[in-house]
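Visitor:
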Amino acid sequence: MSQIAKDFGIDKALEELGLQDINNGTSTGKDFFSGGEIIESYSPVDGALIGKVKATTPEDYEKVITTAEKAFKEWRTMPAPQRGEIVRKFNDELRRLKEPLGKLVSYEMGKSYQEGLGEVQEMIDICDFAVGLSRQLHGLTMHSERPGHRMYEQYHPLGVVGIISAFNFPVAVWSWNTALAWVCGDACIWKGSEKTPLTSVACQNIAARVFSENGVPEGISCLITGDYKVGELMTKDERIPLISATGSTRMGKTVAKEVAGRLGKSLLELGGNNAIIVTPDANIKNTVIGAVFGAVGTCGQRCTSTRRLVVHEDVYDKVKNAIVDAYQQIKIGNPLDENNHVGPLIDKDAVKNYQAALEKVVEEGGKVLVEGGVLEGEGYESGCYVKPAIAEAENHFEIVQHETFAPVLYIMKYKGDVSNALELQNGVRQGLSSAIMTNNLREAERFLSVEGSDCGIANVNIGTSGAEIGGAFGGEKETGGGRE
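1 is the number of the first residue of the sequence shown in the UniProt record's numbering; add one for each residue after it.
#1: Cα separation between arginine 146 and glycine 247?
#2: Just to check my reading of the structure: isoleucine 39 and alanine 55 have Cβ atoms closer than 8 Å, yes? What is that Cβ distance to the nearest angstrom?
#3: Quickly, what does DSSP pair lysine 12 with across the bridge? List them, please.
#4: Taking threonine 57 as the reference, give the member of Lys70, Ser453, Gly36 with the closest Cα.
#5: Looking only at its chain, what residues have a beta carbon closer than 7 Å to the beta carbon of residue 488, apart from the 5 residues adjacent to it on each side?
#6: Given proline 197, which residues of its chain have a CB within under 7 Å of its CB, disregarding the five upstream and five downstream residues?
#7: Kindly confirm or deny that the segment 273-283 and the segment 380-391 touch, where touching means at least three C-beta pairs closer than 8 Å.
#8: Does lysine 73 come out as helix, strand or coil in the three-state DSSP assignment?
#9: By the 10 Å Cβ neighbour count, where 16 or more other Cβ atoms means buried, how is methionine 234 classified, buried or exposed?
#10: Taking 8 Å as the threshold, find out whether the segment 125-141 comes into contact with the segment 302-317 through three or more Cβ pairs.
#11: To the nearest whole angstrom, what separates the beta carbons of glycine 139 and leucine 117, a pair I think is in contact under 8 Å?
#12: Would glutamate 403 be called buried (16 or more neighbouring beta carbons within 10 Å of its own) or exposed?
#13: For glycine 471, which of Asp125, Val292, Cys303 has the nearest alpha-carbon?
#14: Counting only runs of 4+ residues fully inside the segment 177-231, write out the alpha helix (DSSP H) ranges in chain order.
#15: Excluding the five sequence neighbours on either side, which residues of its own chain have a C-beta within less than 6 Å of the C-beta of threonine 199, listed in chain order?
#16: Using 8 Å for Cβ pairs, my map puts isoleucine 163 next to threonine 178. What's the rounded Cβ distance?
#17: Which term fits valine 324, buried or exposed, when burial requires 16 or more other beta carbons within 10 angstroms of its beta carbon?
#18: Measure from the alpha carbon of arginine 239 to the alpha carbon of each residue in Ile189, Met1, Gln204, Ile276, then state which is nearest.
#19: For residue 489, count neighbouring C-beta atoms within 10 Å of its own C-beta (all shown protein chains included) and say buried if the count is 16 or more, exposed if not.
#20: With a floor of 4 residues, list each alpha helix (DSSP H) that falls wholly inside the segment 360-396, ordered by position along the chain.
#21: Apart from the five residues just before and just after valine 319, which ones in its own chain have a Cβ nearer than 7 Å to its Cβ?
#22: Pick out whichever of Asn420, Ile462, Val428 has its Cα sitting closest to the Cα of arginine 446.
#23: Should glutamine 20 be labelled buried (16 or more other beta-carbon atoms within 10 Å of its own) or exposed?
#24: In angstroms with no decimal places, state the Cα-to-Cα distance between lysine 331 and glutamate 69.
#25: Extract the residue ranges of the alpha helix (DSSP H) inside the segment 273-323, only unbroken runs of 4 or more that lie entirely within it.
#26: Which residue's Cα is closest to the Cα of glutamine 82: Gln121, Pro335, Asn214?
#27: Alpha carbon to alpha carbon, how far is residue 501 from alanine 458?
#28: DSSP state of phenylalanine 90, grouped into three classes?
#29: Mark proline 100 as exposed unless 16 or more other C-beta atoms lie within 10 angstroms of its C-beta, in which case mark it buried.
#30: Quick check on the DSSP output: the alpha helix (DSSP H) that includes threonine 421 runs from which residue to which?
#31: List the endpoints of the continuous beta strand (DSSP E) containing lysine 265.
#32: Which of the three DSSP states, helix, strand or coil, is assigned to threonine 235?
#33: Is glutamate 40 helix, strand or coil when you go by DSSP?
#34: Just mark arginine 150 as buried or exposed, buried being the case when its beta carbon has 16 or more other beta carbons within 10 Å.
#35: Please go through the same chain and pick out, in chain order, the residues whose beta-carbon is closer than 7 Å to the beta-carbon of isoleucine 390, but skip the five residues on each side of it.
#36: Does the distance from the C-beta atom of valine 131 to that of asparagine 334 stay below 8 Å?
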């Protein structure tokens with residue numbers, strides 16, 4: 001255990017979460033087992049080994065799916081409010097363990113401690129929502145055209161639901177899916193990211209303990225661990241009627257094709273290439289805050305991170321200079337230190353993608369305004385700390401059309417009215433989040449209208465990043481069309 005980890009209380013957090021030096025990454029509840037290779041989890045904060053998790057084998061997976069199928073047949077007969085009560089008790093444990101789980105999320109993924117706590121709070125919030133929903137699983141009653149008949153709609157649980165989540169939100173995305181699936185009467189199999197396997201095991205430990213104490217059948221909350229090959233076991237399995245997958249567009253296309261080929265259902269939350277439009281009527285201070293937080297928060301590793309800044313020519317220089325000045329104030333370092341603004345990227349592969357993007361934008365004719373680079377020396381030993389960068393670019397550049405999961409912001413100019421800005425904003429293959437900075441009501445309403453942003457999320461006078469559990473989160477086009 002590194003000194004940073006000890007100072008932050010990671011050793012105590014691991015103990016509270018029931019994590020060992022080597023953990024089984026396959027579980028049907030209280031039963032943990034794994035016959036696969038060992039995955040080592042290193043922290044991007046300091047490069048230290050946190051722990052190890054054994055991957056899932058095809059034989060392990062078969063045991064999981066058969067157990068889940070059996071459990072579903074019992075779980076679906078329990079009244080929904082009773083299932084909601086189980087979720088409430090799970091939520092009580094999340095509240096009790098919010099601090100250690102938030103610390104683990106921060107240390108294993110590399111986001112700030114406040115963001116780690118915020119992610120666990122999202123889990124708590126969605127569980128609260130799910131508990132209420134358990135008493136509101138409404139259908140419709142309607143008049144029949146046939147005399148003496150009554151007609152109504154009632155929804156029934158699907159069965160065993162598969163959940164594939166990504167490293168950037170290693171616990172929240174799982175909870176968005178599983179809390180609702182549980183109250184609806186479904187069993188869940190979760191494949192978390194192999195880059196953050198310990199957080200997955202920690203969550204399963206919590207669920208397993210609560211479910212066991214409350215007589216929930218083994219197999220309602222299941223965990224599998226490994227790379228894409230483990231995920232393929234679910235996507236190809238006709239016994240799983242719905243796959244919810246969060247990740248890259250490339251991954252999503254593979255999942256969609258595989259699941260559609262067996263006529264299954266898929267819920268896809270994929271890449272974003274999010275833009276902020278800045279009009280002449282924008283408040284510059286609000287614009288800077290929204291753009292900087294959106295571009296560098298979580299080191300640019302949110303699906304809603306700001307990638308593009310589309311600025312009107314009349315305020316272009318003012319906005320550009322203000323953003324560049326703001327970047328000079330950014331503190332990069334240990335995300336467990338609340339004085340720092342930006343932590344590390346998840347791993348060295350992400351660093352390579354970041355470097356390649358900066359090289360590519362210059363190659364295509366862009367101009368770097370804030371130099372990037374990989375930080376070295378004391379405090380940066382993991383090799384995953386990079387400088388947030390800004391480049392002037394054109395929307396048609398190949399690299400601008402592509403989502404780079406790193407703190408690289410492209411700034412570009414538009415002329416004329418807001419329709420020209422919307423053409424640039426919408427002129428990418430992704431469609432997750434968007435924002436406009438303006439005090440002009442007509443511009444704001446145009447942005448929100450059917451002729452405006454083609455994204456699933458549209459913000460006015462705030463940045464692109466962030467989500468609330470009460471709304472339908474998701475995007476269009478190559479973002480996948482899913483909603484959570």
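From the three backbone atoms N, C-alpha and C, an ideal C-beta is built for every residue, glycine too. Please read all numbers here as calculations on a predicted model, not as lab measurements.
Guide: The short version:
#1: If you take the alpha carbons of arginine 146 and glycine 247, they lie about 48 Å apart.
#2: Contact flag correct, Cβ pair sits at about 6 Å.
#3: Under DSSP, lysine 12 shares a beta bridge with no residue.
#4: Considering only alpha carbons, the answer is Gly36.
#5: Residue 488 lies beyond the range of the chain shown here (1 to 484); nothing can be said about it.
#6: Excluding sequence neighbours, proline 197 sits near Gly25, Ile39, Ser41, Val53, Thr225.
#7: Taking 8 Å as the limit for Cβ pairs, the verdict is that the segment 380-391 does not touch the segment 273-283.
#8: In this structure, lysine 73 counts as helix in the three-state DSSP scheme.
#9: It is buried - the Cβ of methionine 234 has at least 16 other Cβ atoms within 10 Å.
#10: Output reads no: the segment 302-317 does not touch the segment 125-141.
#11: For glycine 139 against leucine 117, the beta-carbon gap comes to about 38 Å, at or over 8 Å, which does not count as contact.
#12: With a threshold of 16 other beta carbon atoms within 10 Å, glutamate 403 meets it and is buried.
#13: For the options Asp125, Val292, Cys303, the alpha carbon positioned closest to that of glycine 471 is the one of Asp125.
#14: Within the segment 177-231, the complete alpha helix (DSSP H) runs of at least 4 residues are 197-213.
#15: Closer than 6 Å at Cβ, skipping near neighbours: Leu104, Val105, Glu108, Pro170, Val171.
#16: The C-beta separation of isoleucine 163 from threonine 178 comes to about 6 Å, placing the pair in contact by the 8 Å criterion.
#17: Here valine 324 is exposed: its Cβ has fewer than 16 other Cβ atoms, across all protein chains shown, within 10 Å.
#18: Per the Cα distances, Ile189.
#19: Residue 489 is absent from the model: the chain starts at 1 and stops at 484.
#20: At a cut-off of 4 residues, not a single continuous stretch assigned as alpha helix (DSSP H) sits fully inside the segment 360-396.
#21: Contacts found: Val278, Ile284, Thr287, Val311.
#22: Closest option to arginine 446, Cα to Cα, is Asn420.
#23: Flag for glutamine 20 reads exposed.
#24: Each residue's Cα considered, the two are about 50 Å apart.
#25: Unbroken alpha helix (DSSP H) stretches of 4 residues or longer found wholly inside the segment 273-323: 284-296, given in chain order.
#26: Of the candidates Gln121, Pro335, Asn214, the one whose C-alpha sits nearest the C-alpha of glutamine 82 is Asn214.
#27: With the chain represented from 1 up to 484, any question about residue 501 goes unanswered, as that position is not in the structure.
#28: In the structure shown, phenylalanine 90 sits in a helix (DSSP, three-state: H, G or I).
#29: With 16 or more Cβ atoms within 10 Å of its Cβ, proline 100 is classed as buried.
#30: It should be pointed out that residue 421 corresponds to alanine in this sequence rather than to threonine. Segment 418-425, the alpha helix (DSSP H) holding alanine 421.
#31: Lysine 265 -> beta strand (DSSP E) spans 265-269.
#32: It is helical.
#33: It is a strand residue.
#34: Counting C-beta atoms within 10 angstroms of its own C-beta, arginine 150 has fewer than 16 neighbours from the protein chains shown and is therefore classed as exposed.
#35: If the five residues before and after isoleucine 390 are omitted, its C-beta is found closer than 7 Å to the C-beta atoms of Ile323, Val324, Tyr327, Leu369, Val370, Leu409, Ile411, all from its own chain and listed in chain order.
#36: For valine 131 and asparagine 334, no; Cβs fall outside 8 Å.
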